[in-house]
């Protein structure tokens, strides 16, 4: 397998593999991602056969995170996929190792991802750093009055920034919010203020199935049974001291 960073000439194969593993071409996110984001704002790394067929790929989306008061841009890994006929041969792991070696040479401090299952990534040096779980909407309603609100930036950004002050996690720019909210609207998400005694204390964003995707709440989020986010440090850091325990990285929304 030959591994390298991809460019626009590889886009048809990338889109085909994404369509077979994730969102279909006709879905809003697929159209947004390949028209506005992929190959314009991120990097794609892949492994090919000698004949040039795409075997496996991973997408490196740039995110700004704040760790111990220092902001840094690091890759958030998404779109890890292997073509069906090539599965079971550990091509993904080999590709991941090659990519991490190149990123280490570039001085990238760490990469992170949202695992489908912890067991997939733990053999490659990834460890859990964020274990929060999203409570069901019925549980949220036990503690707050839910007031419907529009998917407008002013309803979310100040509350998110206030919640993230002093925390390690993702820093969202205006552009990030515009992207997230436009996608949320296209996917028919709903949003609610969390209210107590007529005071707005946070918000919740809910998908079309009624599942809570993101919640900013004065109450601590519950700890999940599996890691919500995993990371691999690339420069020899001890991840426990590097990240600490006060971490919030939410990339559902």
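Numbering (my numbering), first residue to last: 463 to 715.
By construction, the Cβ of each residue, glycine as well, lies at the ideal position given by its N, Cα and C atoms.
Report the three-state DSSP secondary structure of residue i (helix, strand or coil).
| i | result |
| --- | --- |
| residue 678 | strand |
| residue 530 | coil |
| residue 642 | helix |
| residue 617 | helix |
| residue 711 | coil |
| residue 470 | helix |
| residue 516 | strand |
| residue 549 | coil |
| residue 627 | coil |
| residue 683 | coil |
| residue 508 | strand |
| residue 698 | coil |
List the whole-angstrom C-beta distance separating residue i from residue j, where the pair is believed to meet the contact cut-off of C-beta under 8 Å.
| i | j | result |
| --- | --- | --- |
| residue 572 | residue 465 | About 20 Å; that fails the 8 Å criterion. |
| residue 629 | residue 665 | About 16 Å separates the two Cβ atoms, so there is no contact after all. |
| residue 491 | residue 643 | Not really, about 13 Å apart at Cβ, beyond 8 Å. |
| residue 545 | residue 599 | Not a contact, Cβ separation roughly 37 Å. |
| residue 633 | residue 574 | With a Cβ gap of about 14 Å, residue 633 and residue 574 do not count as contacting. |
| residue 692 | residue 556 | Actually they do not touch by this definition, with Cβ atoms about 19 Å apart. |
| residue 655 | residue 609 | 4 Å |
Quick one: give me the first and last residue of the alpha helix (DSSP H) that residue i is part of.
| i | result |
| --- | --- |
| residue 490 | 490 to 494 |
| residue 500 | Note, residue 500: premise wrong, no alpha helix (DSSP H); not H, not E. |
| residue 635 | From DSSP, residue 635 is part of no alpha helix (DSSP H); its letter is neither H nor E. |
| residue 702 | 701 to 705 |
Quick check on residue i: buried or exposed, where buried means 16 or more other Cβ atoms within 10 Å of its Cβ?
| i | result |
| --- | --- |
| residue 509 | buried |
| residue 676 | buried |
| residue 554 | buried |
| residue 564 | exposed |
| residue 653 | buried |
| residue 467 | exposed |
| residue 612 | exposed |
| residue 521 | buried |
| residue 607 | exposed |
| residue 534 | exposed |
| residue 712 | buried |
| residue 631 | buried |
| residue 541 | buried |
| residue 516 | buried |
| residue 578 | exposed |
| residue 595 | exposed |
| residue 532 | exposed |
| residue 623 | exposed |
| residue 689 | buried |
| residue 659 | exposed |
At which residues does the beta strand (DSSP E) containing residue i begin and terminate?
| i | result |
| --- | --- |
| residue 630 | 630 to 632 |
| residue 608 | 607 to 611 |
| residue 487 | First-last for residue 487: undefined, no H or E at that position. |
| residue 694 | 691 to 695 |
Continuous alpha helix (DSSP H) assignments of at least 4 residues falling wholly in the segment 568 to 603: Correct list: 580 to 583.
Complete runs of the alpha helix (DSSP H) confined to the segment 650 to 679 [at least 4 residues]: Runs of the alpha helix (DSSP H) inside the segment 650 to 679: none found.
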